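Notes follow once the structure below has been shown.
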Amino acid sequence: MSEETSDSESQDIQEHNETVRALSAGLLQIYEPKLKEVKENLKELINKQNDLQIAMTSEKNAFSSRQIQEVNEMRSNMPLIVLTGLPRSGKTSRAKELEKYFTEQGMGPIFVVSEADCIARSGYGVKESFTDTAKEKQIRSSLKSEAMKLTTSTKLVILDGANYIKGYRYEVFCMSKAARTTQCTVYCAMTVEQREARRNEILQNESDELGIEAFDALCQRYEEPQGNSRWDLPLFTVYGGEELDLAGIKSALYDKAPLPPHLATQNMPLSETNFLFELDKTIQKIIDQIADARKLGNEGPVEIAQAGMTADVPANMSIAQLYRLRRQFLNYVKMHANVSSDVLKTKAYKDKVARIKLQMHQIHQRTKNLRAKALEIQELKVNQCATKLQQLHYEESLVANSKRTPRKS
1 MSEETSDSES
11 QDIQEHNETV
21 RALSAGLLQI
31 YEPKLKEVKE
41 NLKELINKQN
51 DLQIAMTSEK
61 NAFSSRQIQE
71 VNEMRSNMPL
81 IVLTGLPRSG
91 KTSRAKELEK
101 YFTEQGMGPI
111 FVVSEADCIA
121 RSGYGVKESF
131 TDTAKEKQIR
141 SSLKSEAMKL
151 TTSTKLVILD
161 GANYIKGYRY
171 EVFCMSKAAR
181 TTQCTVYCAM
191 TVEQREARRN
201 EILQNESDEL
211 GIEAFDALCQ
221 RYEEPQGNSR
231 WDLPLFTVYG
241 GEELDLAGIK
251 SALYDKAPLP
261 PHLATQNMPL
271 SETNFLFELD
281 KTIQKIIDQI
291 ADARKLGNEG
301 PVEIAQAGMT
311 ADVPANMSIA
321 QLYRLRRQFL
331 NYVKMHANVS
341 SDVLKTKAYK
351 DKVARIKLQM
361 HQIHQRTKNL
371 RAKALEIQEL
381 KVNQCATKLQ
391 QLHYEESLVA
401 NSKRTPRKS
């Protein structure tokens, strides 16, 4: 009897285990495809999110590299030293002294734009280069042109010349400001005694190339640099054999930021040849639409169809006022035809980053939803299995109890 009972119990347990396995297999068969699909979608979204993060990082690095490159290009425009003074005041000696000092400081290469070399290349004599107005203008133009070419490269430029006209020094100041370079003025001054000594030397030397008349004329015409003139600042004045403030010049050139260019010193922006014409036509269409709306009694915002937006024009603003504003705007645009390339690059970068962030946010939400769904499926699967197992255990306990209970005769 006991053996039959044992066999019956083992058979019940075996049937119970088979039932559990069948239920588990059935549940797996039902939920496995869904869970697999969720996992694949989740994996795909995670990969896409990683790709977007990589793209965003590379875009940020590329933008930073462009900014660094632009800053380096801006800094690559090296300083300009303008020497000024009367003939025989020691300008060339000071230029050589400056060249030697900055070479030793590792600020090279250094280029000296020499007035004497320019006169020699022109084929004119020294005297006629200062007495003939046309030739003098040509020499000044050549000096300025050569200095302008060099201030846009990685060189320290020393302009060695009389530079006795303050208007000419102002032109050089505007040139360096437009090139975003720092500049200083070194005034090789002479005392009255030193000037008389130089005059006597020229007077006694009949073969002197300059001549006493040209020297006297330059002394009368010379416009000394002033400490309150912005185009002469910073100004370093040195007399005769005095020691030049080389450290101060270096600090003025390399420790200060260049002055930013403004409308008076920068080139006009370039734009398409028909840009203003097309802009004028567009503004005219907008004004016409506003005028038509006013005729129909619409005092509120006017819808601009081609722009996909509305124009909120005050009710007390007449069409004549709109035309005046149109002319003012066109005059402004003539001076600001293009938005700065830096602003455009920055705006494009910010827009791209915003789009990538939006995509990443959307992917994050989808990933979050898919993870929640996967957890829900797993939890449902576990709960159903647990419920079924509890039911089977309960049934098994009932069967066991019924077998243990003796039958009444």
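The numbering of the sequence shown is UniProt numbering, which starts it at 1 and goes up by one.
Here a beta-carbon is modelled for each residue, glycine too, at the ideal position from N, C-alpha and C.
Note that the structure is a prediction, hence the values are computed from the model and not measured.
Proximity winner among the options, relative to residue i (alpha-carbon distances)
i, options, result
"Ile-139", "Ala-120, His-364, Leu-156", "Ala-120"
"Lys-149", "Val-113, Ala-162, Tyr-168", "Val-113"
"Thr-282", "Ile-304, Asn-298, Gly-297, Lys-295", "Ile-304"
"Leu-156", "Gln-194, Asn-298, Asp-351, Ile-110", "Ile-110"
"Asn-298", "Gln-284, Thr-133, Ile-286, Val-313", "Val-313"
"Lys-250", "Leu-322, Gly-108, Ser-129, Ser-145", "Gly-108"
"Ile-165", "Phe-130, Thr-182, Arg-94", "Phe-130"
"Glu-193", "Val-186, Tyr-187, Glu-201", "Glu-201"
"Asp-232", "Phe-275, Cys-174, Phe-277, Asn-50", "Cys-174"
"Val-333", "Glu-395, Ala-178, Phe-277", "Phe-277"
"Phe-275", "Lys-256, Leu-330, Met-317", "Leu-330"
"Pro-225", "Arg-199, Tyr-170, Thr-182", "Tyr-170"
"Ile-212", "Tyr-222, Arg-199, Gln-220", "Arg-199"
"Ile-356", "Glu-40, Glu-44, Ile-54", "Ile-54"
"Ser-142", "Glu-115, Asp-51, Glu-40", "Glu-115"
"Lys-96", "Asn-228, Thr-387, Gly-161, Gly-248", "Gly-161"
First and last residue of the uninterrupted alpha helix (DSSP H) at residue i
i, result
"Ala-252", "246 to 254"
"Val-82", "Segment 80 to 85 is the beta strand (DSSP E) holding Val-82; no alpha helix (DSSP H) there."
"Met-175", "166 to 178"
"Ala-189", "Ala-189 -> not in any alpha helix (DSSP H); beta strand (DSSP E) instead, spanning 183 to 189."
"Lys-128", "Sequence inspection shows Glu at residue 128; the Lys mentioned does not correspond to that position. It spans 126 to 131 - the alpha helix (DSSP H) in which Glu-128 sits, taken as one unbroken run."
Beta-carbon gap between residue i and residue j smaller than 9 Å
i, j, result
"Met-190", "Tyr-124", "no"
"Val-126", "Ala-217", "no"
"Cys-184", "Leu-235", "yes"
"Tyr-187", "Thr-237", "yes"
"Leu-86", "Arg-230", "no"
"Arg-324", "Asp-280", "no"
"Asn-163", "Thr-84", "yes"
"Val-302", "Ala-315", "no"
Residue interval of the beta strand (DSSP E) (run including residue i)
i, result
"residue 411", "The question about residue 411 has no answer here: the residues shown for the chain are numbered 1 through 409."
"Met-309", "309 to 311"
"Glu-223", "That residue, Glu-223, is in no beta strand (DSSP E); it is neither H nor E in DSSP."
Local conformation of residue i per DSSP, three classes
i, result
"Glu-379", "helix"
"residue 436", "Residue coverage of the chain in this structure runs from 1 to 409, which leaves residue 436 outside it and unanswerable."
"Leu-296", "coil"
"Glu-395", "helix"
"Asp-280", "helix"
"Arg-140", "helix"
"Gln-390", "helix"
"Leu-210", "coil"
"Asp-160", "strand"
"Thr-151", "coil"
"Glu-196", "helix"
"Leu-235", "strand"
"Glu-242", "coil"
Integer Cβ distance of residue i from residue j, believed to fall under 8 Å
i, j, result
"Leu-159", "Ile-81", "7 Å"
"Lys-135", "Val-172", "About 20 Å separates the two Cβ atoms, so there is no contact after all."
"Thr-181", "Thr-151", "5 Å"
"Leu-322", "Ile-287", "5 Å"
"Leu-253", "Tyr-101", "Incorrect: roughly 12 Å between the Cβ atoms, too far for contact."
"Leu-370", "Asn-41", "5 Å"
Any non-hydrogen atom of the ligand MG within 8 Å of residue i CB
i, result
"Arg-121", "No copy of the ligand MG occurs in the structure displayed, which carries no ligand at all."
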